[in-house]
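Undergrad: Note that this note's numbering has the sequence shown beginning at 192, numbered continuously upward. Note that beta-carbon positions come from the ideal geometry of N, C-alpha and C, so glycine has one too.
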Amino acid sequence: MDYFHYRSGRLHAEDVDVDEIAASVGTPVYIYSCRTIELHIERFREAFSALSPLVCYSVKANSNLAVLRICAAAGTGFDIVSGGELFRALRAGADASKIVYSGVGKTAAEIEQALDAGILLFNVESQAELEAISAIAATRGTTVDVSLRINPDVDAHTHEFTTTGRARDKFGIAMEDAEELAQRWGDFPNCRLIGLDIHIGSQITKPGPYALAIEKVLVLRDALLRLGHEIRYFDIGGGFGIFYRGGEAIPAADFASAIVPLVEGKGLDVILEPGRFIVGNAGILLTSVIYVKKQSGKRFVICDAAMNDLVRPSMYGAYHRIWPARTHMPFTADESVDTPLADVVGPVCESGDFMAKGRPLPRVEEGERLSIFAAGAYAMTMASNYNARPRAPEVMVDGASWSVVRRRETFEDLIRPEEEPPAEI
Ligand SMILES: *Cc1c(COP(=O)(O)O)cnc(C)c1O
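#1: Which same chain residues end up closer than 6 Å to alanine 287 when comparing Cβ atoms and leaving out the 5 residues on each side of it in sequence?
#2: Indicate whether the contact test is met: 3 or more Cβ pairs, each with one atom in the region 484 to 500 and one in the region 447 to 466, closer than 8 Å.
#3: Which residue comes first and which comes last in the alpha helix (DSSP H) that contains methionine 506?
#4: Return helix, strand or coil for aspartate 307, following the three-state DSSP convention.
#5: For glycine 549, which residues in the same chain have their Cβ closer than 6 Å to its Cβ, ignoring the five residues on either side in sequence?
#6: Bridge partners of tyrosine 248, per DSSP?
#7: Would valine 408 and proline 343 be called neighbours here (beta carbons separated by less than 8 Å)?
#8: Using the three-state DSSP reduction, which class does isoleucine 450 fall into: helix, strand or coil?
#9: Quick test of your reading: leucine 501 and valine 220, contact by CB under 8 Å. State the CB separation rounded to the nearest angstrom.
#10: Smallest Cα separation from threonine 267: which of Phe564, Val258, Asp193 and Thr396?
#11: Among Trp593, Asp346 and Ala509, which residue has its Cα nearest to the Cα of isoleucine 389?
#12: If we count the other Cβ atoms within 10 Å of its Cβ and call it buried at 16 or more, is threonine 355 buried or exposed?
#13: Tell me which same chain residues have a C-beta within less than 7 Å of the C-beta of glycine 386, skipping the five on either side of it?
#14: Are isoleucine 290 and alanine 323 close, meaning C-beta to C-beta below 8 Å?
#15: Quick check: is any heavy atom of ligand 1 less than 7 Å from the C-beta of arginine 234?
#16: What is the residue span of the beta strand (DSSP E) that histidine 203 lies within?
#17: Helix, strand or coil for methionine 366, going by three-state DSSP, please let me know.
#18: Is histidine 390 near ligand 1, in the sense that its beta carbon is under 7 Å from a heavy atom of that ligand?
#19: Which runs of the beta strand (DSSP E) at least 3 residues long sit entirely within the region 212 to 246? Give them in chain order.
#20: According to the neighbour-count rule (16 or more other Cβ atoms, all chains shown, within 10 Å of its Cβ), is aspartate 604 buried or exposed?
#21: Fully enclosed by the region 322 to 395, which beta strand (DSSP E) runs are 3 residues long or longer?
#22: Can you tell me which of the three DSSP states lysine 297 falls into?
#23: Rounded to a whole number of angstroms, what is the C-alpha to C-alpha distance between arginine 436 and glycine 200?
#24: Where does valine 408 sit, in a helix, a strand or coil, going by DSSP?
#25: For my contact list, tyrosine 507 and alanine 252 are in at a C-beta cut-off of 8 Å; report their separation, rounded to the angstrom.
#26: Can you check which of these residues, Gly590, Lys489, Gly377 and Ala447, is closest to isoleucine 228 by C-alpha distance?
#27: Below 8 Å on the Cβ atoms is my contact criterion, and I expect valine 535 with cysteine 494 to pass it. Report the Cβ-Cβ distance as a whole number of Å.
#28: I'd like the span of the alpha helix (DSSP H) that includes phenylalanine 195, first residue to last.
#29: Can we count valine 272 as close to ligand 1, meaning its CB is less than 7 Å from some heavy atom?
#30: Relative to ligand 1, is the shortest distance from any of its heavy atoms to the C-beta of alanine 568 smaller than 7 Å?
#31: Please report the distance separating the alpha-carbon of isoleucine 395 from that of proline 613.
#32: Can you look up serine 288 in the DSSP assignment and give me helix, strand or coil?
#33: How close, in whole Å, do the beta carbons of phenylalanine 564 and arginine 512 come, if the pair is a contact with beta carbons under 8 Å?
#34: Give a yes or no on whether the C-beta atoms belonging to asparagine 499 and asparagine 576 are separated by under 8 Å.
#35: Leaving aside the five residues before and after isoleucine 222 along the sequence, list all residues of the same chain whose C-beta is less than 7 Å from its C-beta, in chain order.
#36: In the DSSP assignment, find the unbroken alpha helix (DSSP H) run with aspartate 604 in it and report its ends.
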């Protein structure tokens, strides 16, 4: 469910004609819907209301300050994976006591930064990290609250690069290793073990893998309780899948009905870390057709957006719906209907630069605008300046009004951090 819809053949974001935005700020442009973000936070909370969870929005999905402010205003906490994300969250007015910090490679500087901010806890992913945190805490004369991120060895059946809970993945600590660490916790005297954490992947479309992982971790929790650790927090991570094509995702309530009965009434404070679920369908990437080219019986629609703006199709083979911003034809993904096929590509000099391949798309002309849907998550946050392309602006729509929340980069922005080497003497 989102607030992007056609009115009289014109695509609107909430009550704003997207052409009006393009006419003012140009293309490509990311357009976000404030109401969609708010709706998804509400839906998510409602689904899991039996657990009264702390919902920590995962910043890496979309870290624009305007997005983070909407989340903070709705009362969410934040899941961060870097010092940069912590900086952004705090700038957006985050309550530090609702921030959890995940990731396999937290540096000493980042650990210090998080301690200065007073975050809720670290999701620790290795013995080495535990040693580092304990040592840093010791120099500060404090004790730090940590959860152990468990690698439950469960396959989330999503893309190879977004499956994170199998034994061969780099994430988390194996169950038996976690128990062993807990047995000799005296080695980490400045850490207090107060929780367990999992995050088994992203764009997960079935509840089964969550249930499997949770059951395993609850057994571990019992073992840790017997060792005297007061395991109070259980962080179930993110990964809740959304609609890209249509039909592949399930409602939050379906995830909840598999998860809630497993953890309810066990004296646990539950944390959830949705990213994509909150923002994925809350954004589009609007692009203009530069040229249409016919070659080897194929139609290439060459646009001004490219893999540097949206890398998911080339990186994950991801499907994004693409449709003209002005049309009376209803969207179809059906290749058997009488809609000609097209490869939608960008100007970047890579054969891997495509947004869609062999896709039904009405005839479009140069200058026409196309909407690439579900570009609210892992789009701008993964954008780059490859081919010296300035990154596209971001616009937030709220009802009938809209504003630029990140301006288009300029050529000067591209070279700003560069310096000439000193002249040789
Ligand atoms: C990326 C990530 C998330 C969010 O994943 P989504 O699929 O966007 O919900 C949550 N927790 C951790 C630790 C992550 O790395």
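TA: Put simply:
#1: For the purposes of this step, residue 287 is identified with residue 96 of the sequence shown, where counting begins at 1. Contacts found: Ala308, Gly309 and Ile310.
#2: no
#3: Walking along the sequence shown from the start, residue 506 turns up at place 315. Counting along the chain, the alpha helix (DSSP H) containing methionine 506 begins and ends at 503 to 507.
#4: Taking the sequence shown and counting its residues from 1, the one referred to as residue 307 is at position 116. The answer is helix: DSSP assigns aspartate 307 an H, G or I state.
#5: Within the sequence shown, numbered from 1, the residue matching residue 549 stands at position 358. Contacts found: Leu532.
#6: In the sequence shown, counting from the first residue as 1, residue 248 sits at position 57. Bridge partners of tyrosine 248: Phe269.
#7: In the sequence shown, counting from the first residue as 1, residue 408 sits at position 217. In the sequence shown, counting from the first residue as 1, residue 343 sits at position 152. Yes, these two residues count as a Cβ contact at 8 Å.
#8: The residue given as residue 450 occupies position 259 in the sequence shown. In the structure shown, isoleucine 450 sits in a helix (DSSP, three-state: H, G or I).
#9: On the sequence shown, position 310 is the one that residue 501 refers to. On the sequence shown, position 29 is the one that residue 220 refers to. Not a contact, Cβ separation roughly 12 Å.
#10: Looking up residue 267 in the sequence shown gives position 76. Comparing Cα positions, the closest option is Val258.
#11: Counted from its first residue, the sequence shown places residue 389 at position 198. Residue Asp346 is the option with its Cα nearest to isoleucine 389.
#12: Reading the sequence shown from its first residue, position 164 is the one you call residue 355. Per the 10 Å Cβ criterion, buried.
#13: Locating residue 386 in the sequence shown gives position 195, where the first residue counts as 1. Only Leu312, Ser338, Ile422, Arg423, Tyr424, Phe425 and Asp426 meet the Cβ criterion.
#14: The residue labelled residue 290 in the question sits at position 99 within the sequence shown. The residue labelled residue 323 in the question sits at position 132 within the sequence shown. Not in contact: isoleucine 290 and alanine 323 (Cβ atoms no closer than 8 Å).
#15: Numbered from its first residue, the sequence shown carries residue 234 at position 43. Answer for arginine 234: no, Cβ out of range of ligand 1.
#16: Position 12 of the sequence shown holds residue 203. Segment 201 to 204, the beta strand (DSSP E) holding histidine 203.
#17: Against the sequence shown, residue 366 aligns to sequence position 175. DSSP places methionine 366 in helix when its eight states are reduced to three.
#18: For the purposes of this step, residue 390 is taken as the residue at position 199 of the sequence shown. Result yes, Cβ under 7 Å from ligand 1.
#19: 220 to 224
#20: By one-based count along the sequence shown, residue 604 stands at place 413. The residue is exposed, with fewer than 16 neighbouring Cβ atoms inside 10 Å.
#21: 335 to 342 and 382 to 388
#22: Along the sequence shown, read from residue 1 onward, the residue named residue 297 stands at position 106. In this structure, lysine 297 counts as coil in the three-state DSSP scheme.
#23: Numbered from its first residue, the sequence shown carries residue 436 at position 245. Numbered from its first residue, the sequence shown carries residue 200 at position 9. Their backbone Cα atoms lie some 21 Å apart in a straight line.
#24: For the purposes of this step, residue 408 is taken as residue 217 along the sequence shown, with counting starting at 1. Of the three classes helix, strand and coil, the one that applies to valine 408 here is helix, per DSSP.
#25: Locating residue 507 in the sequence shown gives position 316, where the first residue counts as 1. Locating residue 252 in the sequence shown gives position 61, where the first residue counts as 1. Tyrosine 507 to alanine 252, Cβ: 14 Å. No contact.
#26: Within the sequence shown, residue 228 is the residue found at index 37, counting from 1. If we check each option's Cα against that of isoleucine 228, Gly590 comes out closest.
#27: Translated into the one-based positions of the sequence shown, residue 535 becomes position 344. Translated into the one-based positions of the sequence shown, residue 494 becomes position 303. Sure, about 6 Å apart at Cβ, within 8 Å.
#28: Within the sequence shown, the letter at position 4 stands for residue 195. Counting along the chain, phenylalanine 195 falls outside any alpha helix (DSSP H), though it belongs to the beta strand (DSSP E) covering 195 to 198.
#29: In the sequence shown, counting from the first residue as 1, residue 272 sits at position 81. Yes, the Cβ of valine 272 comes within 7 Å of a heavy atom of ligand 1.
#30: Residue 568 sits at position 377 when you count from the first residue of the sequence shown. Indeed, a heavy atom of ligand 1 lies less than 7 Å from the Cβ.
#31: As a first step, residue 395 is located in the sequence shown; it is residue number 204 there, counting from the start. As a first step, residue 613 is located in the sequence shown; it is residue number 422 there, counting from the start. Distance between the alpha carbons of isoleucine 395 and proline 613 is about 51 Å.
#32: Your numbering for residue 288 matches position 97 in the sequence shown. Of the three classes helix, strand and coil, the one that applies to serine 288 here is helix, per DSSP.
#33: Walking along the sequence shown from the start, residue 564 turns up at place 373. Walking along the sequence shown from the start, residue 512 turns up at place 321. Going by Cβ atoms, the distance from phenylalanine 564 to arginine 512 rounds to 4 Å, so yes, they are a contact pair.
#34: Here the question's residue 499 lines up with position 308 in the sequence shown. Here the question's residue 576 lines up with position 385 in the sequence shown. Yes, they are a contact pair.
#35: Locating residue 222 in the sequence shown gives position 31, where the first residue counts as 1. Same-chain partners within the cutoff: Ala204, Val209, Ile212, Gly474, Ile475, Leu477, Val586 and Val588.
#36: Locating residue 604 in the sequence shown gives position 413, counting from the first residue. Note, aspartate 604: alpha helix (DSSP H), 602 to 606.
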